[in-house]
Structures are given as C-alpha cells and as structure tokens.
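Protein chains in written order, with my numbering: chain A, 250 to 454; chain B, 250 to 454.
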DNA sequence: TAATTTACTAAACAGTGTTCAGTAACTTTG
DNA sequence: CAAAGTTACTGAACACTGTTTAGTAAATTA
C-alpha cells in the first residue's frame, strides 16, 4: 500500500507550499508584515494549519532563511571559476554587497534577525551559515598558501572580512551612514572604496 | 502670572518622566517588550497620555536613544586624556566593545533598530550620532597628522573603523559567530584580537 | 460664579502568535 | 459494504500590540 508514502509526500508538499508562501510574503512585504495569518491566507488555509507543519513561527522563518542561503550559493558558485584567490576574495565581497542590496529582506533574515536562529539549540551546528562561511574561509586559506595576504589564521581573517563587510552593509541599511551626510550614490562609492581598501590592507606588498 | 511658566515646566517634567520610564523598561525588558502600555503603567497614567507628549512610539524611542548616546559620551570623555591618538583610537574601540556588551539594548537602539531613526526627516542631521562620530573622526585625523596611520581620508577611515567594530559586535550579538563553533570566551578573545589586528593593519610601519 | 481651556481616561479598531475543542473526510478493520 | 478509527483542518478564543477619539473632571480665566 503506497498510501503512507503518498501521505508523506503530501505532507512534504504542504510544508514546501508554506515555505514558498512565507518566502513570497517575506520578500515582498518584509519581516514586520510577515505574519502567520498572512502566510496562511496566501495558501488559502487557516492560521492553525501552519502549526501542524511547523512548531512555531521561528521554524518557518528558519526554513525561509535556508532559501536565502540557497539563493546566495547560486551567486557564489560561479566565483569558484576565478583562479586567483585574492581576486576571488574581492569578487565574494562584491557579490555580498550586491546580495544585500538586491535581497535586503533575505539578508536580514540570514545575518541579522534573532528569530530564525532561535530554532538552533545550543552547540548544534548552523549548517547553512557554516557552508557559506567555509567558501570564504577556503578562499582566504588559498590566499595565505600563495602568500598573497599576510594573515596568520584563515578562519580569523575570513571572519574579520565578513565582519567588515557586514558592518558596512548594516550601517548603510540601518541609516547610520547618515553621519557621513552623503547622497545614496556617495554611500555606494564609499562601500566600494571600503572593499578596495580592505583588500589593500590585508595584501602582502 | 507664572502659571504658563509652571505649566511649561510641568509639561517638560512629564516628558522627562515618560523618557525615564521608557528607558527603564527598555533597558530591563528589551525592545520587544517595550510597549506604550508598559511605559504608561510604570508612570501610572493611561496609554493615551503618552500621545499628548510624543507624536508616536518612535519619538519616545528616539528620546531613549539620546539617553544612550549621553551614556556613551560619559564613557568617551575620559579618553580625551590619552595624548597618543593611536592609543586613543584603540581605547575607543575597547570602550565600544564594552558598551555593546554592558548595554546591549541601548546599543541596538543607537546603532541597529530603524524605529528611532524614522523620526529624522530626510536630510535632517542626526546630531547625537554625528557628535559621537566626530570624536572618532578627530582621533583618526590626529593619527593622520602625526603620520601614525596610512589613511588618506580621516572621515572614510573613521567610518571603516566603526563598520569593522560594528560588524564584529553584530555578528556576535546576533549569534552568527556560531559559524566559528567557539565558546563565548573564545569569541571575546576573537573580538580583542580583531581590534589589535585592525590597529596593526592601518598603522604606518 | 460662569465660561473656557487643559489634562487625562476608557473604549474601540485592526492587528499579532499560539492553543484547542470540534468536525468532516479519509483509511482501516470486521 | 458498514462501522470504527485516524487524519487534516477550522473557528474561536486568549492576551497582547500602536493609535485615535469621544467624553469628563479639574484648573484657569473672565
């Protein structure tokens, strides 16, 4: 009897539909307007139904976060082709900036909001985050191996690089860049300059 | 007749009481639990009363943000005594880390949340933010003047420094530092190392 | 003292995440 | 094929949220 198999498949399909709807609402309306009722309405089910497939809202957001990481991986994959690791490192930075501008809602779910992280119990790994970070770390390691940068620890310097970019993106998105009293275009230039300066700073001369 | 003067004074006192109560609730319970009803209850008035003194919740949060900047200025002022601007720069970084750890709620109101920034109309200056940034920028300018660092623009490098620290603080507070799979203490060490590395990176050798 | 202004409140509106009793449809059993 | 059991789903409820507004009591002015 393939009934249990079909039921299981239907269960998974329903889960996927919820995640798809949640992703749409989230990308279109943002975090604040993403409510269980809103998601339920989009798939034409009652709000309670979502709780038959997810423990709580955080679990739904965690699933949407995964979608975001999959999107980023697709933009990251082609960068593997860049043979010079220092050039690849810069390309990762440019991709990171672009992603944060084109998908601001996904960006905050992936790197800012606490909600999706709350489903991860202590000491349990954050697979999607680690996978993305590994790509950065490997690139930094290659730079060290080829003596292109003066870093000791690839892990540490990968993290520093991430922190620098993340800080720039955050100050920009949260309007704290207002202290600079510049136009939006000048701010974009500032970010570009910042990435160039960062590469210059860590480069071996 | 001193009645209008007294009335004005009472109006200001009431505003102050609201801000004080809001600051307490905010520091104790955090952003999520800071509601108009919560603030009103603490000063034993109805929620509606707050709207006689503030346009909306954002305006209350903006006032609390100012309190946060005043707290930070008090920690910043003594650093003026440090004559060596590069040492002062590092001290600012250490103070910034400490502040973010000791007052996480104020930190997010000052540097992360959108709500308090929404009271600032476009092209209007963000005084408190600019004042704090000026202290950092002046210190970087002194470093340039004394040829201690290899920066061209003090404004740009002050911003880069801020972005780097802010990025570290954010990745830490938002649990994204989990990619490092380290203990809390190891993470604190990482932040300290990061600041040292940053100073080393921008220093003239 | 009467009229006016001021300060405040209670209630309402539309929204939130989550739980749970009840029900209708589907599946299994006899 | 009918009865029993299981599954999937819903509607309503609970305790919250920011904000608006009509109504009221007190303070001030005339």
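Positions of the beta carbon are idealized from the N, C-alpha and C atoms, including for glycine.
#1: Taking the DSSP output, what are the residues bridged to residue 452 of chain A?
#2: Can you tell me the Cβ-Cβ gap for residue 412 of chain B and residue 416 of chain A, rounded? I've got them flagged as a contact below 8 Å.
#3: With DSSP collapsed to three states, give me the class of residue 415 of chain A.
#4: Could you list which residues in chain B have their beta carbon closer than 7 Å to that of residue 446 of chain A, in chain order?
#5: If I measure Cβ to Cβ from residue 263 of chain A and keep anything under 7 Å in the same chain, skipping five residues before and after, which residues do I get?
#6: Which residues in the same chain have their Cβ closer than 8 Å to the Cβ of residue 286 of chain A, if we skip the five residues on either side of it in sequence?
#7: Could you work out which residues of chain B lie near residue 403 of chain A, taking near to mean beta carbons separated by less than 7 Å?
#8: Can you list the residues of chain A that residue 423 of chain B reaches, using a CB-CB cut of under 9 Å?
#9: State yes or no: is the beta carbon of residue 379 of chain A nearer than 8 Å to at least one beta carbon in chain B?
#10: Report the start-end ranges of each alpha helix (DSSP H) in the segment 322-378 of chain B that is 4 residues or longer and not cut off at the edges.
#11: Which residue marks the beginning of the alpha helix (DSSP H) containing residue 290 of chain A, and which one marks its end?
#12: Residues of chain B with CB closer than 7 Å to the CB of residue 442 of chain A, please, in chain order.
#13: By the DSSP assignment, the alpha helix (DSSP H) with residue 432 of chain B in it spans what residues?
#14: Taking only beta-carbon positions, decide if residue 317 of chain A is within less than 8 Å of chain B.
#15: If we count the other Cβ atoms within 10 Å of its Cβ and call it buried at 16 or more, is residue 354 of chain B buried or exposed?
#16: Measure the beta-carbon distance from residue 334 of chain B to residue 386 of chain B and round it to whole angstroms, keeping in mind my assumption that it falls under 8 Å.
#17: Under 7 Å Cβ to Cβ from residue 369 of chain A, same chain only, skipping five residues before and after it: list those, please.
#18: Measure the C-alpha to C-alpha separation of residue 331 of chain A and residue 430 of chain B and round it to an integer number of angstroms.
#19: Between residue 416 of chain A and chain B, is any beta-carbon pair separated by less than 8 Å?
#20: Against residue 428 of chain A, what residues of chain B qualify as contacts under a CB-to-CB distance less than 7 Å, listed in chain order?
#21: Based on Cα-Cα distance, which residue from B:253, B:304 and B:255 lies nearest to residue 267 of chain B?
#22: In terms of residues, what are the limits of the alpha helix (DSSP H) holding residue 297 of chain A?
#23: Which residue wins for smallest C-alpha separation from residue 367 of chain B, given the options B:259, B:257 and B:312?
#24: Counting C-beta neighbours from all protein chains within 10 Å, is the total for residue 410 of chain A 16 or more, i.e. buried, or is it exposed?
#25: Whose C-beta lies closer than 7 Å to the C-beta of residue 449 of chain B among residues of the same chain, with five residues either side of it excluded?
#26: Sorted by chain position, which residues of the same chain lie with C-beta nearer than 7 Å to residue 289 of chain A's C-beta, five sequence neighbours on each side aside?
#27: Looking at residue 352 of chain B: is its Cβ nearer than 8 Å to the Cβ of residue 317 of chain B?
#28: Assuming the contact rule is C-beta atoms closer than 8 Å, residue 400 of chain A and residue 418 of chain A should be a hit. Round their C-beta distance to whole Å, please.
#29: For a test of the three-state rule: what should DSSP assign to residue 315 of chain B, helix, strand or coil?
#30: Do residue 307 of chain A and residue 364 of chain A have their beta-carbon atoms positioned less than 8 Å apart in this structure?
#31: Would you say residue 412 of chain A reaches chain B, if we count a Cβ-Cβ gap shorter than 8 Å as a contact?
#32: Does residue 234 of chain A pass the burial test, meaning 16 or more other C-beta atoms within 10 Å, or should it be called exposed?
So, to answer that:
#1: DSSP, once it has assigned bridges, lists A:398 as partnering residue 452 of chain A.
#2: Taking C-beta atoms under 8 Å as the contact rule, residue 412 of chain B and residue 416 of chain A qualify, at a distance of about 4 Å.
#3: Looking at residue 415 of chain A - three-state DSSP - the assignment turns out to be helix.
#4: The answer, in chain order, is 409.
#5: Counting only Cβ-Cβ distances below 7 Å, and skipping sequence neighbours, we find 302.
#6: Here residue 286 of chain A has 296 as same chain residues with Cβ atoms under 8 Å from its own Cβ, once five neighbours each way along the sequence are excluded.
#7: Neighbours of residue 403 of chain A on chain B: none; closest Cβ ~12 Å, over 7 Å.
#8: The answer, in chain order, is 360, 361, 362, 363 and 366.
#9: So yes, residue 379 of chain A belongs to the interface.
#10: Runs of alpha helix (DSSP H) with 4 or more residues, each lying fully within the segment 322-378 of chain B, are found at 334-351 and 353-360, listed in chain order.
#11: In the DSSP annotation of this structure, the continuous segment of the alpha helix (DSSP H) that includes residue 290 of chain A starts and ends at 285-291.
#12: Those within 7 Å of residue 442 of chain A in chain B are 405.
#13: Unbroken run through residue 432 of chain B: none, as it is neither H nor E.
#14: Answer no: the Cβ-Cβ gap between residue 317 of chain A and chain B never drops below 8 Å.
#15: Around the beta carbon of residue 354 of chain B, 16 or more other beta carbons lie within 10 angstroms, which makes this residue buried.
#16: Contact flag wrong, Cβ pair sits at about 11 Å.
#17: For residue 369 of chain A, same chain residues with a beta-carbon under 7 Å away, outside a window of 5 residues either side, are 375 in chain order.
#18: A straight-line Cα-Cα distance of about 28 Å links residue 331 of chain A and residue 430 of chain B.
#19: At least one beta carbon of chain B lies nearer than 8 Å to the beta carbon of residue 416 of chain A.
#20: Ordered by position in chain B, the residues that pass the 7 Å Cβ test against residue 428 of chain A are 375, 378, 379 and 382.
#21: Comparing alpha carbon positions, the residue from B:253, B:304 and B:255 closest to residue 267 of chain B is B:304.
#22: Going by DSSP, residue 297 of chain A is part of the alpha helix (DSSP H) stretching over 296-299.
#23: Nearest C-alpha to residue 367 of chain B: B:312.
#24: It counts as buried.
#25: There are no such residues.
#26: Take residue 289 of chain A, set aside five residues on each side of it, and the residues of its chain with a beta-carbon closer than 7 Å to its own are 295, 296, 298 and 299, in chain order.
#27: Residue 352 of chain B is a Cβ neighbour of residue 317 of chain B, given a cutoff of 8 Å.
#28: Not a contact, Cβ separation roughly 22 Å.
#29: DSSP places residue 315 of chain B within a helical segment (H, G or I) once states are collapsed to three.
#30: Their beta carbons are under 8 Å apart, which means residue 364 of chain A touches residue 307 of chain A by this criterion.
#31: Yes, contact with chain B.
#32: One cannot answer for residue 234 of chain A here, as it falls past the ends of chain A, which runs 250 to 454.
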